[in-house]
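> Take a look at the following structure, please.
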Amino acid sequence: MTQWLSILEGLLFVIGDEGLTIEQIKKTLDIEEVEVLELIDQLKARYESQDRGLQVVLFAGVCKLVTKEHVHPYISQLLSYQKTRSLSQSALETLAIIAYKQPITRVEIEEIRGVSCDVMLRKLQALDLIRDAGRSDAIGRPILYEVTQDFLDTFELMSLNELPQLDVGEHLSSDQLFE
Amino acid sequence: MFTIEIDQFNGPLDLMLFLIKEKKLDLFDLDMAILIDQYQSYLFTMQERSLEIASEYLSELAGLIEYKSKKLIPRDKSELDANAVEDEKESLVRRLIEYQRFKEVSLDLSIRYDHRQLLVSKPFEKQSVSHLFTAETSISNDAYDLLKAMRKVMHRLSLANPFETKLTSKELSVDQRIDMLRRALSNKHDSFLLEDLFADCSSVQMMIVTFLAVLDMIRMGELTFTSNEDQIYLLRSDEYDTVVVHS
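Sequence order for the protein chains is E and C. Going by the numbering used here, the first residue of the first sequence is number 1, and it counts up by one from there. Going by the numbering used here, the first residue of the second sequence is number 1, and it counts up by one from there.
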């Protein structure tokens, strides 16, 4: 088992930013899925406890070796192009709506946001954060949108279940509203 | 008065939520009259400062004014009507609440996003490229996954074999072009169209150079030109006397 830890570490080093899925680790090491998860947890813990610049993360079902956040200022110092892109508030809102309501059509998103989302959806698609998931049966067969694996990775999520609960107003549940 | 620009809002609902907060209105017992007044005066201020207001804001305003007028104008007071007006209010409140929820959630997403940006990973090991096609990867039968996989393969290949090329730019000077034109025109005794000279041009640059060359040759008195409707005719000046020029 201790040897497996070092093997997994080596594999993660080689695979780099693409990361390894749990399935890939399972097949490569020829062990059970439970053992893989255990192994990842152990490796994670080791990196966390020690004074290391790297850490193991598990986003979108993919395990990767990444730098710790406190290293980042120095990385940007070293590589002047290492800039963080920021997403606009409207982009985040649109993504949030899709993540919670997917698959969802453009018109449905626009109803919630109260603004046109045509350009935004194309931008998000170009960023690989959303993709079309077929068509709705509604009139005109509009395109349905859903979030991608990249979305999960970009927002540090293992799955959509990890999203925070939509806060349903305290003294106002939906059945109170539609009596 | 307001000092906030409309650009700061992500649409009419966002603006309404701001006004509700600013005027300390209760979203769950919304005073529509105040909200409508505030919303309207906000848009008017924007208009006075001749700022562009997106159509979405105006369409919401139209809805609000319709609501207001229904409330004000005494109509035949059937219960049904009153209910319909209340429904509109409820539907607006419902939209505001829903929008607010997503706004809150997007804040959480924003924090996650910013944090993720700080974590850097190393690109795929280049030396492993040769094993790439034997390595087992699980891909669902989805066109997008396939497309993504293809992109990855192309990316890896491009890392493995950097593409080398040499660029040479051919530049043609106006003088060179004049020489070329002189040779081409040496046995042209009739008038001809300006367009004819562009026939061998392969680029916009070359066309521009050709045009400059023609202008220069006219300046030097080697060519004369006449225009007839949309066409420009050129003629070598030394042939001028022998040819009847198009009138």
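Think of the CB as a built atom: it goes at the ideal place given N, C-alpha and C, for glycine as much as any other residue. A quick note: this is a predicted structure, and the numbers were derived from the prediction, not measured.
Any idea what DSSP makes of VAL147/E, helix, strand or coil?
DSSP places VAL147/E in strand when its eight states are reduced to three.
> When the Cα atoms are used, what is the spatial distance from VAL57/E to LEU78/E?
Cα to Cα, VAL57/E sits roughly 23 Å from LEU78/E.
> Mark ASP200/C as exposed unless 16 or more other C-beta atoms lie within 10 angstroms of its C-beta, in which case mark it buried.
When all chains shown are included, ASP200/C counts as exposed.
> Do you know whose CA, among ARG122/E, ILE109/E, THR67/E, CYS63/E, lies nearest LEU157/E's CA?
Of the listed residues, the one whose Cα sits closest to LEU157/E is CYS63/E.
> ASN10/C CB to nearest chain E CB: under 8 Å?
True, the Cβ-Cβ gap to chain E drops below 8 Å.
> Could you give the distance in angstroms between the alpha-carbon of GLU23/E and the alpha-carbon of LEU144/E?
The alpha-carbon atoms of GLU23/E and LEU144/E are separated by roughly 29 Å.
> Is the segment 188-199 of chain C in contact with the segment 223-236 of chain C, if contact means three or more CB pairs nearer than 8 Å?
Yes: the two stretches touch, three or more of their Cβ pairs being nearer than 8 Å.
> Quick check on SER227/C: does DSSP put it in helix, strand or coil?
Strand.
> Do you know how far the Cα of ASP114/C is from the Cα of VAL88/E?
The residue asked about is misnamed: residue 88/E is Ser in this sequence, not Val. C-alpha separation (whole angstroms): 12 Å.
> The alpha helix (DSSP H) that contains PHE124/C, what's its start and end?
Here PHE124/C belongs to no alpha helix (DSSP H), and DSSP marks it neither H nor E.
> Quick check on the DSSP output: the alpha helix (DSSP H) that includes ALA96/E runs from which residue to which?
Per DSSP, ALA96/E belongs to the alpha helix (DSSP H) from 89-101.
> Enumerate in chain order the residues of its own chain whose CB-to-CB distance from SER227/C is below 8 Å, with the five nearest sequence positions on each side excluded.
The answer, listed in chain order, is TYR233.
> Tell me the rounded alpha-carbon separation between GLN102/E and LYS26/E.
When rounded, the distance between both Cα atoms is 30 Å.
> Quick one, are the C-beta atoms of GLY16/E and LYS148/C less than 8 Å apart?
Against a cut-off of 8 Å, the Cβ pair of LYS148/C and GLY16/E comes out as no contact.
> Measure the Cβ-Cβ separation of ARG177/C and THR210/C and say whether it is below 8 Å.
Yes, the pair counts as a contact, with Cβ atoms nearer than the cut-off.
> Please confirm whether VAL66/E and GLN50/E have their CB atoms less than 8 Å apart.
Not a contact, by the Cβ cut-off of 8 Å.
> Below 8 Å on the Cβ atoms is my guess for GLU69/E versus LEU118/C; work out the distance and round it to an integer in Å.
Going by Cβ atoms, the distance from GLU69/E to LEU118/C rounds to 4 Å, so yes, they are a contact pair.
> Please go through the segment 15-50 of chain E and give each complete alpha helix (DSSP H) segment of 4 or more residues, from N-terminal end onward.
List check, alpha helix (DSSP H) in window: 22-29, 33-49.
> Give me the chain E residues within the contact set of SER121/C, using Cβ-Cβ distance strictly less than 8 Å, ordered along the chain.
Residues of chain E passing the Cβ test: GLY16, ASP17, GLY19, LYS64, LEU65, VAL66, THR67.
> For LEU17/C, report the span of its alpha helix (DSSP H) as first-last.
Where LEU17/C is concerned, the enclosing alpha helix (DSSP H) stretches over 12-22.
> Which residues does DSSP pair with TYR39/C in a beta bridge?
Beta-bridge pairing links TYR39/C to no other residue.
> Please list, in chain order, the residues of the segment 216-237 of chain C that have any C-beta partner in chain E closer than 9 Å.
Listed by position, the residues of the segment 216-237 of chain C near chain E (Cβ gap below 9 Å) amount to none.
> Counting only C-beta atoms, is TYR99/C closer than 8 Å to chain E at any point?
For TYR99/C, the answer is yes, since a Cβ of chain E falls inside 8 Å of its Cβ.
> Out of GLU60/C, LYS152/C, ALA184/C, state which residue places its alpha-carbon closest to the alpha-carbon of ILE112/E.
Of the listed residues, the one whose Cα sits closest to ILE112/E is GLU60/C.
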